[in-house]
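Engineer: Attaching a single structure in structure tokens format; questions to follow.
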Amino acid sequence: MTAGSAYREERRPRSFYALAVFFALFVVFLYGPVVTILTLSFQGPSGGLTFPMNGFSFYWFERLWSGRGTVDIGSAFERSLMLGLTVMVLTVVVSVLAGLAFRKKFVGATPLFYVAIASLIVPSIVVSLGIALEFRILDDVFRPVLASIGLVSRRGNSLGLFTSGLGAHLSWTLPFGLLIMFAVFNRLDKSYEEAARDLGASNWQSFCHVILPMIAPFLIGISLFGFTLSWDEIARSSQAMGSTNTLPLELAALTTTVTTPEIYALGTSVTAVSFTVIFGTLAAFVLLQRRRRLRALAE
Numbered sequence: 002m003t004a005g006s007a008y009r010e011e012r013r014p015r016s017f018y019a020l021a022v023f024f025a026l027f028v029v030f031l032y033g034p035v036v037t038i039l040t041l042s043f044q045g046p047s048g049g050l051t052f053p054m055n056g057f058s059f060y061w062f063e064r065l066w067s068g069r070g071t072v073d074i075g076s077a078f079e080r081s082l083m084l085g086l087t088v089m090v091l092t093v094v095v096s097v098l099a100g101l102a103f104r105k106k107f108v109g110a111t112p113l114f115y116v117a118i119a120s121l122i123v124p125s126i127v128v129s130l131g132i133a134l135e136f137r138i139l140d141d142v143f144r145p146v147l148a149s150i151g152l153v154s155r156r157g158n159s160l161g162l163f164t165s166g167l168g169a170h171l172s173w174t175l176p177f178g179l180l181i182m183f184a185v186f187n188r189l190d191k192s193y194e195e196a197a198r199d200l201g202a203s204n205w206q207s208f209c210h211v212i213l214p215m216i217a218p219f220l221i222g223i224s225l226f227g228f229t230l231s232w233d234e235i236a237r238s239s240q241a242m243g244s245t246n247t248l249p250l251e252l253a254a255l256t257t258t259v260t261t262p263e264i265y266a267l268g269t270s271v272t273a274v275s276f277t278v279i280f281g282t283l284a285a286f287v288l289l290q291r292r293r294r295l296r297a298l299a300e
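Quick note: the sequence shown uses our numbering, first residue 2, plus one each step.
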């Protein structure tokens, strides 16, 4: 075989380059907006929303976080963070409990599964409107009774951060957590638990010392899903939050009220928190895995 023929055989087909170009365009389309927002958020004080940039500064970040802007970012940030953490914990706990329950055969398991994930195929704005209407109906029914015994005020309603807002976010995050957990438990070998019980372990000990370590990496993934989906959610929050706004809702409001790079500074801040949570969690997981391997080697 000559060198020329070997070279011709090693050449990649044209389809490879076509797919490479398509993938490059996909990456640009996916991350181009993020890079654009990140860049424009560092406009100078007299900068606008378009290129070319008019100077480089942290003016719009300072204006945003100092409270001199049009958004109370401190309160909105705190509300989004607390809601995201609550949704994350509830998503993990409910997903694990549901996964354990569905390992047992019971009547109605299949219809219940489809009901649990049905909200994924319903438009988010419709879900938000339905949840808002549901809580207003609950207000009409229960508020007069509770107000008569002094438990609640006669004014206001139950639309808020940790009532209808929490329900709206869980309707979005729980189906993802359930799907992941069901897939994990379907692949989990029950012989490990049976061996633990044969050695005298209780159900709780079997879960803590056998099942939990095996599903821990997936729980991290579910927690990241829960937090980031809640942190970035707009559509399901739009009708269900009442008078409280989360950070994404504040960002959406800015797009219709102001035309300054403060919008991009807020978008960069929201994105930075998402990436910090994701990469921070992954780094902590890798560190814990490394420490566990070192401890095992030392023993």
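Virtual Cβ for every residue (Gly too), placed ideally from N, Cα, C. Since this is a predicted model, take the numbers as computed values, not measurements.
1. For Arg-144 and Gly-161, I'd like the C-alpha separation in whole angstroms.
2. Please tell me whether Ala-241 and Ser-58 are closer than 8 Å, where the distance is taken between their beta carbons.
3. Residues in its own chain within less than 6 Å of Tyr-60 by CB, not counting five upstream and five downstream?
4. Counting only runs that start and end within the region 42 to 103, where is the alpha helix (DSSP H) found for 4 or more residues in a row?
5. Report the rounded CA-to-CA distance for Phe-24 versus Leu-31, giving the unit in angstroms.
6. Which residue from Ala-285, Asn-187, Ser-165, Ser-275 puts its Cα closest to that of Ser-238?
7. For Phe-136 and Ser-159, which I take to be in contact (beta-carbon distance under 8 Å), what is that distance rounded to the nearest angstrom?
8. Do Phe-321 and Thr-87 have their C-beta atoms closer together than 8 Å?
9. Which same chain residues, not among the five before or five after Leu-139, have their C-beta less than 8 Å away from its C-beta?
10. Just to check my reading of the structure: Ser-96 and Trp-232 have Cβ atoms closer than 8 Å, yes? What is that Cβ distance to the nearest angstrom?
11. I need the straight-line Cα distance from Ile-118 to Met-54, nearest angstrom please.
12. His-210 and Ala-202 look like a contact to me (Cβ under 8 Å); what is the Cβ gap, rounded to whole Å?
13. Using 8 Å as the threshold, is the C-beta distance between Phe-186 and Gly-100 below it?
14. How many angstroms separate the CA atom of Glu-263 from the CA atom of Thr-247?
15. What are the boundary residues of the alpha helix (DSSP H) that includes Leu-121?
16. Tell me the rounded alpha-carbon separation between Ile-181 and Val-94.
17. Please determine, among Thr-245, Ile-279, Val-287, Val-90, the residue with the shortest C-alpha to C-alpha distance to Phe-78.
18. Do you know whose CA, among Leu-200, Leu-167, Arg-198, lies nearest Gly-243's CA?
19. Hey, is Gly-268 close to the ligand GTP, as in C-beta under 7 Å from one of its heavy atoms?
20. Determine the direct distance from the alpha carbon of Ile-235 to that of Ala-133, and round the result to whole angstroms.
21. Look up Arg-12 in the DSSP assignment and say whether it is helix, strand or coil.
22. What does a CB cutoff of less than 6 Å around Arg-104 pick up in its chain, not counting 5 residues either side in sequence?
23. At 4 residues or longer, what runs of the alpha helix (DSSP H) sit wholly inside the region 139 to 222?
24. Can you tell me whether Gln-206 is buried or exposed, with buried defined as 16 or more other CB within 10 angstroms of its CB?
25. With burial defined as no fewer than 16 other Cβ atoms inside 10 Å of the residue's Cβ, what is the status of Glu-251: buried or exposed?
26. Let's see if you can read the secondary structure: which residues bound the alpha helix (DSSP H) around Ala-241?
Structural biologist: Answer, in terms of the structure:
1. 15 Å
2. no
3. Pro-46
4. 60 to 66, 74 to 102
5. 10 Å
6. Ser-165
7. 5 Å
8. Residue 321 is absent from the structure shown; the chain starts at 2 and stops at 300.
9. Ser-159
10. Not really, about 18 Å apart at Cβ, beyond 8 Å.
11. 45 Å
12. 7 Å
13. yes
14. 17 Å
15. Here Leu-121 belongs to no alpha helix (DSSP H), and DSSP marks it neither H nor E.
16. 13 Å
17. Thr-245
18. Leu-167
19. The ligand content of the structure shown is nil, which means the ligand GTP is not present either.
20. 14 Å
21. coil
22. Phe-186
23. 165 to 188, 192 to 199, 204 to 207
24. exposed
25. buried
26. Looking at the DSSP string, Ala-241 is not in any alpha helix (DSSP H), and its letter there is neither H nor E.
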